[in-house]
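Here is the structure we will look at.
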Amino acid sequence: MSTLTASPVPGGMPADPSVSIFDPVHVGVDEFGHPVRVPLIYRNLLIGGEPGGGKSTLLNLIVAHAALSLDCRLCLLDGKQVELGQWKSCADVFVGPDIMHALATLRRMQIVMDNRYAYLEVAGRRKTQRDDVFSPILVAIDEIAYFSATVGDKKTREDFAGLLRDLVARGRAVGIIVVAATQRPSSDIIPTSLRDLFAWRCAFRCTTNVSSDIVLGHGWADRGWSSNTISPTNPGVGLLIAEGGIPQLIKAAYLDDAACARIAIHAARMRADRKERAA
Amino acid sequence: MAKSGIFGERPVGAVTLVETPVSRSYAQKARVAFLVVAASVALVVAATASVALPLVLAVVVGLLSGGVCGLVVACVVRVWPALRVLWWWAFEIVAAVTLFVGMAYLSRATHPAVPLVLLAVVLGVVFGVGRLRRRVSAWVWCVVVRHRLRLCFAEFIRSTSRLHPGRLPLILWARPTPAGERVWVWLRPGLDLMDLDGKADKLAVACWAGEARMVRASAKHAALVRVDITRRDPLTGLVASPLSAWVAWMRDEDAPVSPAMPPLGLDLLDVPEPAPEQRNPRR
Numbered sequence: 004m005s006t007l008t009a010s011p012v013p014g015g016m017p018a019d020p021s022v023s024i025f026d027p028v029h030v031g032v033d034e035f036g037h038p039v040r041v042p043l044i045y046r047n048l049l050i051g052g053e054p055g056g057g058k059s060t061l062l063n064l065i066v067a068h069a070a071l072s073l074d075c076r077l078c079l080l081d082g083k084q085v086e087l088g089q090w091k092s093c094a095d096v097f098v099g100p101d102i103m104h105a106l107a108t109l110r111r112m113q114i115v116m117d118n119r120y121a122y123l124e125v126a127g128r129r130k131t132q133r134d135d136v137f138s139p140i141l142v143a144i145d146e147i148a149y150f151s152a153t154v155g156d157k158k159t160r161e162d163f164a165g166l167l168r169d170l171v172a173r174g175r176a177v178g179i180i181v182v183a184a185t186q187r188p189s190s191d192i193i194p195t196s197l198r199d200l201f202a203w204r205c206a207f208r209c210t211t212n213v214s215s216d217i218v219l220g221h222g223w224a225d226r227g228w229s230s231n232t233i234s235p236t237n238p239g240v241g242l243l244i245a246e247g248g249i250p251q252l253i254k255a256a257y258l259d260d261a262a263c264a265r266i267a268i269h270a271a272r273m274r275a276d277r278k279e280r281a282a
Numbered sequence: 026m027a028k029s030g031i032f033g034e035r036p037v038g039a040v041t042l043v044e045t046p047v048s049r050s051y052a053q054k055a056r057v058a059f060l061v062v063a064a065s066v067a068l069v070v071a072a073t074a075s076v077a078l079p080l081v082l083a084v085v086v087g088l089l090s091g092g093v094c095g096l097v098v099a100c101v102v103r104v105w106p107a108l109r110v111l112w113w114w115a116f117e118i119v120a121a122v123t124l125f126v127g128m129a130y131l132s133r134a135t136h137p138a139v140p141l142v143l144l145a146v147v148l149g150v151v152f153g154v155g156r157l158r159r160r161v162s163a164w165v166w167c168v169v170v171r172h173r174l175r176l177c178f179a180e181f182i183r184s185t186s187r188l189h190p191g192r193l194p195l196i197l198w199a200r201p202t203p204a205g206e207r208v209w210v211w212l213r214p215g216l217d218l219m220d221l222d223g224k225a226d227k228l229a230v231a232c233w234a235g236e237a238r239m240v241r242a243s244a245k246h247a248a249l250v251r252v253d254i255t256r257r258d259p260l261t262g263l264v265a266s267p268l269s270a271w272v273a274w275m276r277d278e279d280a281p282v283s284p285a286m287p288p289l290g291l292d293l294l295d296v297p298e299p300a301p302e303q304r305n306p307r308r
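Taken in sequence, the protein lines are chains A and B. In this text, residue positions in the first sequence follow my numbering: the first is 4, and each later residue adds one. In this text, residue positions in the second sequence follow my numbering: the first is 26, and each later residue adds one.
Here it is in structure tokens:
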């Protein structure tokens, strides 16, 4: 596993960070001050919480890690455009507030997924691995409710939810990682059959215990694990369910706009260099 | 009929170490334990002794052995609730005994004022040095929280008629965390984590804390439960991402700061009203 520490070369570019999407992603610290790293490969993550709670902070951290990982491709859907817009230059596809573009992209992803499974089947393998012939793809969706419950007609929304459910359900083994963020993933926003497929959850501050339970899973609030008690003046604090299956209080690391822009430029350059070398 | 006064049946100043229903239950258990152990040991010893001794003598030896073993086991079972109380107060008992024995020894070995001066110095250092004071305070809270949790669990069990009053969870140990305390609890048969669902707020109130969170502490043992008591928020500071360090060498000018798009149509007055939607005349 690579260690994400700075080692700049004096007067020039830093050494290749060689971050990989197969490495755990640093998402912040826990209440003991220990770093929290979450492996995302073969996993899907659902992020929920009220506006300003820290959803986009976590999403940007994950996308930043994926952008710097040359073994990962990016597919970004952002109804607001600005939350993930800085990573446009690193992404294979960037979808703005356009439901038809979103649907077309998810259909392409579905075809890619089927092709990858066909390849693995012929190769006699069950899942992708590090240094495989194809790279994992991170599908990051900010404000999923925009596509699944706001724009378009009923059919397009259902198509969106159905395609996404298929990606979440089947995409794991071929390296398709779905990370979706929304304020309240209740059944009127995304079908419960889709919500329940997300193994890992992160709830930033929610306005009620019920909302917190919708993100984390039923029953956690009764045992005291409710993101409703997180202070509204302390954004970035949330409850994360990842390895171990037990909620963990974390504070997400913060990347400001300038840092995101720098990382995006650096990642885009590295990707372009790699493309040139490959050509 | 029992004598009753304005203070009830108990004399003034009496302290209940073990509640009456619990005491009765353990007395019953002690009787059963005595009979079972005495009979088993008597049989085994008599059978074994009959090889070397006359039968009558072997039976007598067996009965005596059984009686002694049964009595010992019955005594342990009978006083188990009291032993549990001693376990609950073990830290305080050990601390008090150490303090008084140490002071008595020092005053006898040196001058009577020496232990008092030493105590004053120790207390002064503990209260004077902030870091030490916080550390001691955190451990004191651990001791307090164990008692508060025990009282709280006793109250829950008392209010749940289906649970036996003697089945109090065993409070194992507690340690300070940056947010408060973390306590490990061993649930007795008849209890599970679901019995504590919805009681997190009550635990927090009982522990004079902001929040309490319960979770299974072991994948192997369902009985081992962890209770996290939160009385302060250690996550208030800004956390930097290590990814920032990778691009620290880049100059600010490298990052785009000016939009490529001209700032037009950014206010409501700059945007014309859209054409009304065509409605279906049949509807």
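We put the CB at the ideal spot given by N, CA and C, even for glycine. Keep in mind the model is a prediction, meaning the values are calculated, not measured.
**Report entry** Same chain, Cβ closer than 6 Å to Arg40 (chain A), five either side skipped, listed in chain order
**Finding:** Pro27 and His29
**Report entry** Within chain A, the residues that Val240 (chain B) reaches when beta carbons sit closer than 8 Å
**Finding:** Arg226, Trp228, Ile249 and Pro250
Report task. Taking only the alpha-carbon atoms, compute the straight-line gap between Pro13 (chain A) and Leu268 (chain B) and give it to the nearest angstrom. Result -> Confidence is the limiting factor: at Pro13 (chain A) the pLDDT is only 39, short of 50, which leaves the residue's position unreliable and the question unanswerable from this model.
Query - Test: Thr232 (chain A) CB closer than 9 Å to a CB of chain B - result: yes
Query raised in the report: Counting contacts by CB-CB distance shorter than 9 Å, is Asp258 (chain B) in contact with chain A?
Result: yes
Query raised in the report: With respect to the alpha helix (DSSP H) encompassing Ala264 (chain A), which residues constitute its N-terminal and C-terminal limits?
Result: Asp260 to Ala281
Requested in this report: Answer with yes or no whether the minimum CB distance from Pro203 (chain B) to chain A is below 9 Å.
Outcome: yes
Query raised in the report: Can you name the start and end residues of the alpha helix (DSSP H) that Ala126 (chain A) belongs to?
Result: Ile102 to Ala126
Requested in this report: Return the residue from the list B:Leu221, B:Gly262, B:Asp258 and B:Trp271 that minimises the CA-CA distance to Val252 (chain B).
Outcome: B:Leu221
Query raised in the report: Thinking just about the alpha-carbon of each residue, which of A:Tyr45, A:Gly82 and A:Leu71 is nearest to the one in Ala275 (chain A)?
Result: A:Leu71
Query raised in the report: What residues from chain B crowd round Ala256 (chain A), counting only those whose CB sits closer than 7 Å?
Result: Val264, Ala265 and Ser266
Query raised in the report: Is Pro299 (chain B) close to chain A, meaning its C-beta is less than 9 Å from at least one C-beta of that chain?
Result: no
Query raised in the report: Within 10 angstroms of its Cβ, does His68 (chain A) collect 16 or more other Cβ (buried), or is it exposed?
Result: buried
**Report entry** 9 Å Cβ cutoff met for Val208 (chain B) and Arg171 (chain B)
**Finding:** yes
Query raised in the report: Under a CB-based cut-off of 9 Å, is Leu71 (chain A) close to chain B?
Result: yes
Report task. Since I believe Cys232 (chain B) is in contact with Ala199 (chain B) (beta carbons under 8 Å), could you give me their beta-carbon distance rounded to a whole number of angstroms? Result -> Ala199 (chain B) to Cys232 (chain B), Cβ: 11 Å. No contact.
Query raised in the report: In or out: Trp112 (chain B) buried (at least 16 other Cβ within 10 Å) or exposed?
Result: exposed
Query raised in the report: How many Å lie between His104 (chain A) and Phe150 (chain A) at the Cα?
Result: 11 Å
Query raised in the report: Of the residues that make up the segment 26–46 of chain A, which ones have a beta carbon closer than 7 Å to any beta carbon in chain B?
Result: His29, Gly31, Val32, Glu34, Phe35 and Gly36
Requested in this report: Whole angstroms is fine: what's the gap from Gln186 (chain A)'s alpha carbon to Gly51 (chain A)'s?
Outcome: 5 Å
Report task. For Glu180 (chain B), return the contacting residues in chain A, with the cut-off set at a CB-CB distance below 7 Å. Result -> In chain order: nothing, as chain A lies at least about 17 Å away.
Query raised in the report: Is any beta-carbon of chain B found at less than 9 Å from that of Ala262 (chain A)?
Result: yes
Report task. State buried or exposed for Pro46 (chain B), treating a residue as buried only when at least 16 other CB atoms are found within 10 Å of its CB. Result -> exposed
Query raised in the report: Which residue comes first and which comes last in the beta strand (DSSP E) that contains Thr255 (chain B)?
Result: Leu249 to Thr255
Query raised in the report: Who are the Cβ neighbours of Pro235 (chain A) in its own chain at under 7 Å, not counting the five residues just before and after it?
Result: Arg208
Query raised in the report: With respect to the beta strand (DSSP E) encompassing Asp81 (chain A), which residues constitute its N-terminal and C-terminal limits?
Result: Arg76 to Asp81
Query raised in the report: So, are the CB atoms of Ile65 (chain A) and Leu43 (chain A) less than 9 Å apart?
Result: yes
Query - Ser29 (chain B) - DSSP class collapsed to helix/strand/coil - result: Because Ser29 (chain B) carries a pLDDT of 47, less than 50, the predicted location of this residue cannot be relied on, and no value is offered for it.
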